[in-house]
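Numbering (my numbering), first residue to last: 1249 to 1362.
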């Protein structure tokens, strides 16, 4: 007897999980919540740009909004606003690391080798 494997599965009822509220509250399971908890710390972020390009930005996290966050580069004293939705990976350094002066010296040295 030939049976169709798709027909062997029972039809599941629709989920009764509560829908998230439309308020501006922070979802505790999101990048936004992680970033809010990491304000003031040094982060390294990787973004997907287009379909295949990965861009890395780093700096001290200074502000988090509903769909963006701001990184402060201690070497150039420039603030960069980043799109939360293209963020794919984030590494959060422990508080007080790295020392901004030694970080800038290391980065300057690495860039001069290229």
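Glycine included, C-beta positions come from ideal geometry on N, C-alpha and C.
Would residue 1317 pass as a contact of residue 1348 if the rule is Cβ separation under 9 Å?
As a first step, residue 1317 must be located in the chain shown, where it is residue number 69. As a first step, residue 1348 must be located in the chain shown, where it is residue number 100. Cβ distance not < 9 Å, so residue 1317 and residue 1348 don't count as in contact.
Tell me the rounded alpha-carbon separation between residue 1256 and residue 1304.
As a first step, residue 1256 must be located in the chain shown, where it is residue number 8. As a first step, residue 1304 must be located in the chain shown, where it is residue number 56. For residue 1256, the predicted structure reports a pLDDT of 48, less than 50, and the residue's modelled location is therefore unreliable. A value from the coordinates is still provided. C-alpha separation (whole angstroms): 47 Å.
Check whether the Cβ of residue 1332 sits closer than 8 Å to any heavy atom of the ligand ADP, and report yes or no.
Questions concerning the ligand ADP fall outside what the structure shown contains, since it holds no ligand whatsoever.
Quick one, which of 1293, 1342, 1315 and 1300 has its alpha-carbon nearest residue 1306's?
Stepping through the chain shown from its first residue, residue 1306 is reached at position 58. Nearest of 1293, 1342, 1315 and 1300 to residue 1306, Cα basis: 1293.
Sorted by chain position, which residues of the same chain lie with C-beta nearer than 7 Å to residue 1343's C-beta, five sequence neighbours on each side aside?
To locate residue 1343, count along the chain shown from 1; it is residue 95. Sequence-distant partners of residue 1343 (beyond 5 residues in either direction) whose C-beta falls short of 7 Å from its own C-beta, in its chain, are 1289.
Apart from the five residues on each side of it in sequence, which residues of its chain come closer than 6 Å, Cβ to Cβ, to residue 1260?
Counted from its first residue, the chain shown places residue 1260 at position 12. Model confidence at residue 1260 stands at a pLDDT of 49, short of 50, so the residue's coordinates are unreliable and nothing is read from them.
How far does the beta strand (DSSP E) with residue 1303 in it extend, from its first residue to its last?
Taking the first residue of the chain shown as position 1, residue 1303 is located at position 55. Segment 1301-1312, the beta strand (DSSP E) holding residue 1303.
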